[in-house]
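*Asks:* Counting in full-length UniProt numbering, the sequence shown runs from 1 upward without gaps. Here a beta-carbon is modelled for each residue, glycine too, at the ideal position from N, C-alpha and C. The structure's right below; bear with me while I get my questions together.
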Amino acid sequence: MSSNSAEISHEQGYVSALYRRLDEMREQSARRLATLLRQAGGTPQAKTERDSGVALYTDQVAQYGAVEAGLCFGRLDFDEGEGEGAAADGDGPGDNPRYIGRIGIFDEAHDHRSLLVDWRAPAARPFYLATAASPDGVTRRRHIRTRRRSVVALDDEVLDLEAARESVHEGLTGEAALLSALSASRTGRMRDIVETIQAEQDRIIRAPLDGVLVVQGGPGTGKTAVALHRAAYLLYTHRRELSTRAVLIVGPNQTFLRYISQVLPSLAETGVLLGTLGDLFPGVIARRSEPAEVAEIKGRPVMADVLAAAVRDRQRLPDEPLPITLETAAQGETLYLQPATVRAARERARRSDKPHNLARALFDTEIVHSLATQLAEKIGTDPYADDPLGGDDAPGEEILFDEGDLAEIRRELRKEPEVLGTLDWLWPILTPQQLVAGLFASDKRLDAASSLLTESERAALRRDPRGGFTPADVPLLDEAAELLGEDEASKAALAERLRQARIAYAEGALEIARGSVSIDAEDEVENEILSATDIIGASELAERYEDGDRLTAAQRAAADRTWAFGHVIVDEAQELSPMAWRLLMRRCPSRSMTAVGDVAQTGDLAGTSSWDGIFAPYVADRWRLSELKVNYRTPAEIMAVAADVLARIDPSLEPPRSVRQTGVEPWVRPLDAAQLPKVVLDEAAEVGDGRVGVIVPAGRIAELGPPIADAVPEVVLGAQPDLEKRVAVLTVRQAKGLEFDAVVVVDPDAIVAESPRGQNDLYVALTRATQRLGILTAA
């Protein structure tokens with residue numbers, strides 16, 4: 001680390017100039033945004049251009065604000081001539097020296113000269129890859145550490161062979177900056193690693209967009225950080241494609257999403273959709289809890305067949321003729337719908353291979369045609385019947401109907417309440433929510449649809465429909481939506497209702513406008529000044545103020561179940577069930593995906609122990625595996641304890657290599673529930689401003705959590721913990737993907753006993769700490 005005041009002063013001057021330029025860019029964008037927001041009216045094209053401009057400048061203002069912290073973090077010095085001739089787009093070699101930061105900044109007054117190179121540009125790559133053995137023309141790499149807008153320290157690496165021989169950790173770049181970041185106290189929010197990306201991480205971040213990339217890495221290898229930086233990199237290099245199709249990032253729970261929520265904005269990217277599995281069906285927020293064993297059943301591939309059978313079960317076939325009494329077409333007449341007629345109509349609709357709701361029209365046509373024929377026959381042979389089309393016949397006179405007459409009869413039958421009710425009973429229009437909730441609410445429906453499940457498994461699925469949906473239900477809802485299809489008539493009717501509502505609102509607005517003009521004013525200005533009501537009607541006003549396409553691609557994707565994402569990133573990918581992967585593959589038909597995880601940490605019963613088992617059904621062997629083998633988070637002392645658990649999970653697995661030691665050995669003590677709050681207080685005192693995670697068995701959190709919350713300041717526990725509190729009491733499931741300065745694992749034997757994958761859960765719990773680990777055991 002350099003504390004040379006002259007060097008710091010020099011860098012401060014350059015960094016200050018960059019911030020001045022950033023302020024100019026932000027002010028310019030804010031000014032243009034304000035100008036556009038003041039504009040109104042114009043042609044449809046002008047309106048579209050205005051909306052595009054508003055979106056562009058809104059994003060720019062947000063981006064320039066998000067990169068305020070740590071705007072410039074690096075500098076590269078090159079051999080003489082190596083860095084001359086900077087390319088304006090940041091893709092060339094750049095000036096000597098070359099400054100690296102969160103976004104690209106250019107000097108428009110001097111031929112668009114590069115002032116700051118975006119970390120994602122090819123010109124920035126030597127900052128992450130250059131080593132003494134392969135310097136790529138770099139003579140010195142400097143890490144510039146700032147606090148707000150002030151330069152506080154410099155870390156220099158001189159890249160020559162002698163420096164390489166003296167390196168403590170061969171293969172690490174920016175070692176001083178890296179170790180400083182790893183030793184810093186946690187804040188309850190994940191920080192980006194843009195300043196300290198290592199070579200093995202950089203290769204994954206910059207891997208091609210196409211195809212499925214699997215990133216396997218043990219605890220602390222930076223899988224999540226790599227995935228987030230990869231999202232930012234792909235959005236930078238494939239802006240046109242991904243800005244319209246969006247990137248989806250799927251995390252294990254809401255706590256995790258809050259934990260990582262600041263990373264992408266700090267990397268100048270805001271157009272990404274973050275969600276959990278429970279968020280991926282628009283209109284449903286799946287937060288209901290259920291036993292792990294039930295979620296595992298729902299995650300099996302066989303559930304696709306169960307749902308298909310559930311749909312078929314709702315296509316009813318009566319055991320005996322159904323009487324249908326008419327009210328209007330032939331008042332008081334009773335027709336009988338034969339089971340054979342229904343069977344024939346059902347088979348024809350099924351043979352169409354259309355989804356259930358879309359095949360309903362074919363079913364209706366067959367049934368109504370049969371009823372119309374039956375009614376025509378009854379009318380034509382009834383000596384006392386009145387002609388439903390208006391004529392009276394002589395007794396015994398046979399009526400001959402042409403096709404137009406039959407068509408009129410069919411139209412009349414489609415208005416009959418009892419006909420409509422019968423059609424709805426035989427072939428109901430269903431929503432996915434109705435199908436899934438109805439299936440699990442009925443023993444009869446479960447028995448009819450779930451012959452591939454055992455009796456005990458069907459009993460486990462049975463539940464009260466009240467209480468909402470669970471995350472494991474979401475793939476089933478998505479599967480149901482595919483089987484049912486969207487009823488276009490209902491969709492059109494909803495759109496028409498919304499249009500009429502807008503017209504009614506517009507009429508009210510115009511009425512207010514008319515009423516706001518006094519009678520005297522009307523007398524004075526009659527025939528001289530046009531009012532709003534003179535030049536526009538309610539319909540035109542409603543159309544003018546209809547919501548335009550102002551949403552971002554990510555916002556539109558969140559509301560559209562059929563949206564095809566440009567790229568999907570899945571964190572803790574080993575936890576997803578086969579049914580969840582079916583959903584994600586539908587969301588990404590291009591199969592452009594990044595899956596990050598560790599099969600040794602699989603805790604969900606529906607999860608996997610084999611990446612090939614996940615992807616082979618979709619892409620065969622056309623998926624790529626990259627491994628992260630260096631543990632940046634977990635000190636060697638803690639990893640030694642976790643390695644014993646890993647060996648019990650699978651002796652063939654190797655733990656990731658830790659890059660540092662803290663000199664603090666993990667401690668083990670007998671569990672005394674009464675002393676637990678004091679233990680937590682002591683750990684909180686040891687880490688100062690850092691964070692403490694208390695990981696307890698799920699079955700004991702209600703017992704152990706409240707006493708800690710009563711005795712320790714700033715404690716959080718519950719379903720959605722706030723990690724900005726100093727102490728968090730969590731289950732292993734809640735702790736997935738998180739990290740703390742100190743961790744206290746309570747009753748590890750109970751954690752293991754709670755699940756068939758308890759050893760995996762214990763491995764997760766032991767590897768959440770960056771500094772200190774304590775274990776309280778009842779054994």
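Identify the residues that DSSP records as bridge partners of residue 569: which are they?
*Replies:* The residue you call residue 569 lines up with position 569 of the sequence shown. Residue 569 pairs with 249 and 594.
*Asks:* To the nearest angstrom, how far is it from the Cα of residue 774 to the Cα of residue 728?
*Replies:* As a working mapping, residue 774 is identified with position 774 in the sequence shown. As a working mapping, residue 728 is identified with position 728 in the sequence shown. Whole-angstrom Cα-Cα distance: 15 angstroms.
*Asks:* For residue 102, which of 771, 267, 772 and 574 has the nearest alpha-carbon?
*Replies:* On the sequence shown, residue 102 is found 102 positions in, with the first residue counted as 1. The shortest C-alpha separation from residue 102 is found at 267.
*Asks:* Have a look at residue 282 and residue 557 and give me their C-alpha separation to the nearest angstrom.
*Replies:* Within the sequence shown, residue 282 is the residue found at index 282, counting from 1. Within the sequence shown, residue 557 is the residue found at index 557, counting from 1. Answer to the nearest angstrom: the Cα atoms are 9 angstroms apart.
*Asks:* Ignoring anything shorter than 4 residues or poking outside the region 331 to 386, list the alpha helix (DSSP H) runs there in chain order.
*Replies:* DSSP runs (the alpha helix (DSSP H)) wholly in the region 331 to 386: 339 to 351 and 356 to 381.
*Asks:* Decide if residue 646 is buried, meaning its Cβ has at least 16 other Cβ atoms within 10 Å, or exposed.
*Replies:* Here residue 646 refers to the residue found at position 646 when the sequence shown is read from its first residue. Buried, by the Cβ-count rule.
*Asks:* Output the distance between the C-alpha atoms of residue 97 and residue 25, rounded to the nearest integer angstrom.
*Replies:* Taking the sequence shown and counting its residues from 1, one reaches residue 97 at position 97. Taking the sequence shown and counting its residues from 1, one reaches residue 25 at position 25. If you take the alpha carbons of residue 97 and residue 25, they lie about 23 angstroms apart.
*Asks:* How about the region 254 to 273 and the region 717 to 732: do they share at least three Cβ pairs that are nearer than 8 angstroms?
*Replies:* Counting Cβ pairs under 8 angstroms, three or more are found: they touch.
*Asks:* Where does the unbroken beta strand (DSSP E) through residue 150 begin, and where does it stop?
*Replies:* The residue you call residue 150 lines up with position 150 of the sequence shown. Where residue 150 is concerned, the enclosing beta strand (DSSP E) stretches over 150 to 158.
*Asks:* State buried or exposed for residue 104, treating a residue as buried only when at least 16 other CB atoms are found within 10 Å of its CB.
*Replies:* Taking the sequence shown and counting its residues from 1, the one referred to as residue 104 is at position 104. Its Cβ being crowded by 16 or more others within 10 Å, residue 104 is buried.
*Asks:* My understanding is that residue 593 touches residue 570, with C-beta atoms under 8 angstroms, so please give their C-beta distance in whole angstroms.
*Replies:* For the purposes of this step, residue 593 is identified with residue 593 of the sequence shown, where counting begins at 1. For the purposes of this step, residue 570 is identified with residue 570 of the sequence shown, where counting begins at 1. Contact holds; Cβ gap of about 7 angstroms.
*Asks:* On the three-pair Cβ rule with 8 angstroms, is the region 189 to 201 touching the region 569 to 583?
*Replies:* Not touching, per the Cβ criterion.
*Asks:* Can you name the start and end residues of the beta strand (DSSP E) that residue 113 belongs to?
*Replies:* Residue numbering aside, residue 113 sits at position 113 when the sequence shown is read from its first letter. That run of the beta strand (DSSP E) goes 113 to 118.
*Asks:* What's the call for residue 216, buried or exposed, on a 16-neighbour Cβ count within 10 Å?
*Replies:* Counting from 1 along the sequence shown, the entry for residue 216 is found at position 216. Buried.
*Asks:* Kindly indicate which three-state DSSP category residue 238 falls into: helix, strand or coil?
*Replies:* In the sequence shown, residue 238 corresponds to position 238, counting from 1. Residue 238: coil per DSSP, three-state reduction.
*Asks:* Determine, using beta-carbon pairs with one atom in the region 366 to 377 and one in the region 344 to 358, whether at least three such pairs fall under 8 angstroms.
*Replies:* The answer is yes - the region 344 to 358 touches the region 366 to 377, with three or more Cβ pairs under 8 angstroms.
*Asks:* According to DSSP, residue 72 sits in a beta bridge with which residue or residues?
*Replies:* For the purposes of this step, residue 72 is identified with residue 72 of the sequence shown, where counting begins at 1. DSSP, once it has assigned bridges, lists 101 as partnering residue 72.
*Asks:* How would you call residue 227, buried or exposed, if buried means at least 16 neighbouring beta carbons within 10 angstroms?
*Replies:* Counting from one through the sequence shown, the residue named residue 227 turns up at place 227. Flag for residue 227 reads buried.
*Asks:* Identify whether residue 200 lies in helix, strand or coil by the three-state DSSP scheme.
*Replies:* As a position in the sequence shown, residue 200 is number 200, starting the count at 1. Residue state, collapsed to three classes: helix.
*Asks:* Ignore the nearest five residues each way along the sequence and tell me which others in residue 417's own chain have a CB closer than 7 angstroms to its CB.
*Replies:* What you label residue 417 is simply residue 417 of the sequence shown in a count that begins at 1. Around residue 417: 327.
*Asks:* Reducing DSSP to helix, strand and coil, say where residue 631 ends up.
*Replies:* Counting from 1 along the sequence shown, the entry for residue 631 is found at position 631. Three-state result, residue 631: strand.
*Asks:* Residue 780: which of 560, 744 and 673 sits nearest, CA to CA?
*Replies:* Outside the shown range of the chain, which is 1 to 779, sits residue 780, and nothing can be said about it.
*Asks:* Helix or strand or just coil, what does DSSP make of residue 1?
*Replies:* Numbered from its first residue, the sequence shown carries residue 1 at position 1. Note that residue 1 scores 47 on pLDDT, short of 50, meaning its location in the model is unreliable; the coordinates nonetheless yield the value given after this. Of the three classes helix, strand and coil, the one that applies to residue 1 here is coil, per DSSP.
*Asks:* Are the CB atoms of residue 621 and residue 690 nearer to each other than 7 angstroms?
*Replies:* Residue numbering aside, residue 621 sits at position 621 when the sequence shown is read from its first letter. Residue numbering aside, residue 690 sits at position 690 when the sequence shown is read from its first letter. No, these two residues do not count as a Cβ contact at 7 angstroms.
*Asks:* If I measure Cβ to Cβ from residue 437 and keep anything under 6 angstroms in the same chain, skipping five residues before and after, which residues do I get?
*Replies:* Along the sequence shown, read from residue 1 onward, the residue named residue 437 stands at position 437. Within the same chain, residue 437 has close Cβ partners 465.
*Asks:* What ranges does the beta strand (DSSP E) occupy inside the region 255 to 300, keeping only unbroken runs of at least 3 residues that lie completely in it?
*Replies:* Segments of the beta strand (DSSP E) lying fully in the region 255 to 300: 272 to 276.
*Asks:* With DSSP run on the structure shown, which of helix, strand or coil describes residue 774?
*Replies:* In the sequence shown, residue 774 corresponds to position 774, counting from 1. Three-state result, residue 774: strand.
*Asks:* From residue 76 to residue 55, what distance separates their C-alpha atoms?
*Replies:* Along the sequence shown, read from residue 1 onward, the residue named residue 76 stands at position 76. Along the sequence shown, read from residue 1 onward, the residue named residue 55 stands at position 55. Cα to Cα, the separation comes out at about 35 angstroms.
*Asks:* Which word fits residue 614, buried or exposed, when buried means at least 16 other C-beta atoms lie within 10 angstroms of its C-beta?
*Replies:* Taking the sequence shown and counting its residues from 1, the one referred to as residue 614 is at position 614. So residue 614 ends up on the buried side.
*Asks:* To the nearest angstrom, report how far apart residue 451 and residue 306 are at their CA atoms.
*Replies:* As a first step, residue 451 must be located in the sequence shown, where it is residue number 451. As a first step, residue 306 must be located in the sequence shown, where it is residue number 306. About 8 angstroms.
*Asks:* Closest by CA to residue 748, which one among 731, 739 and 68?
*Replies:* Indexing the sequence shown from 1 puts residue 748 at position 748. Nearest C-alpha to residue 748: 731.
*Asks:* What first and last residue would you give for the beta strand (DSSP E) that runs through residue 136?
*Replies:* Taking the sequence shown and counting its residues from 1, the one referred to as residue 136 is at position 136. Segment: none, residue 136 is in no beta strand (DSSP E) and carries neither H nor E.
*Asks:* Output the boundary residues of the alpha helix (DSSP H) element that contains residue 824.
*Replies:* Lying before the first or after the last residue shown, residue 824 is absent from the chain, which here runs from 1 to 779.
*Asks:* Inspect the beta-carbon positions of residue 580 and residue 277 and report whether they are closer than 7 angstroms.
*Replies:* Numbered from its first residue, the sequence shown carries residue 580 at position 580. Numbered from its first residue, the sequence shown carries residue 277 at position 277. Cβ distance < 7 angstroms, so residue 580 and residue 277 count as in contact.
*Asks:* Which runs of the beta strand (DSSP E) at least 3 residues long sit entirely within the region 18 to 83? Give them in chain order.
*Replies:* Within the region 18 to 83, the complete beta strand (DSSP E) runs of at least 3 residues are 72 to 78.
*Asks:* Terminal residues of the continuous beta strand (DSSP E) containing residue 443?
*Replies:* On the sequence shown, residue 443 is found 443 positions in, with the first residue counted as 1. Careful: residue 443 lies outside any beta strand (DSSP E), inside the alpha helix (DSSP H) at 443 to 449.
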